[in-house]
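Worksheet: the structure to be examined is printed underneath.
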Amino acid sequence: MQALPRLRLLTRPARRGTPPGAPAAAAARRARCAAATNEGSAAGPGGEPPPPPEPGLLQILVCPLSKKPLRYEESTNELINEELGIAYPIIDGIPNMIPQAARMIGKDKQKNESEQT
1 MQALPRLRLL TRPARRGTPP GAPAAAAARR ARCAAATNEG SAAGPGGEPP
51 PPPEPGLLQI LVCPLSKKPL RYEESTNELI NEELGIAYPI IDGIPNMIPQ
101 AARMIGKDKQ KNESEQT
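The structure is reproduced here in structure tokens:
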């Protein structure tokens, strides 16, 4: 029974109200996050192109929908599934393989890209 009062002393009291400046700080934090996600993922710091993914990684990555191999497109910094016409972005060197984050690409675009290579 004596341990309960000690536990109460260790817990934080509930906050009441918001501290002054909290909404402005939260808005600034949201703006920084939005700016970080909207910085061109196709270009690295200073405008230089990002390094390509490691070849070993490209060999094991497959499309989560079709389980087919993906092709790396250097100009857009994306992993392309030519069968389904889907482009998965690579953000900060990390492939985003979530199907909802993928971009649909047209069949005409695919033909142009394959003719260029």
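If you use full-length UniProt numbering, the sequence shown corresponds to residues 1 to 117, in order.
Where a beta carbon is used, it is the ideal one built from N, C-alpha and C, also for glycine.
For P89, the enclosing beta strand (DSSP E) starts and ends at I86 to I91.
Rounded to whole angstroms, P69 and A25 show a C-alpha spacing of 44 angstroms.
Annotation for L61: no beta strand (DSSP E) segment contains it, and DSSP assigns it neither H nor E. Annotation: the continuous beta strand (DSSP E) that includes E78 extends over E78 to N81. About 10 angstroms separates the beta carbon of M97 from that of I86, a gap too long to meet the 8 angstroms contact definition.
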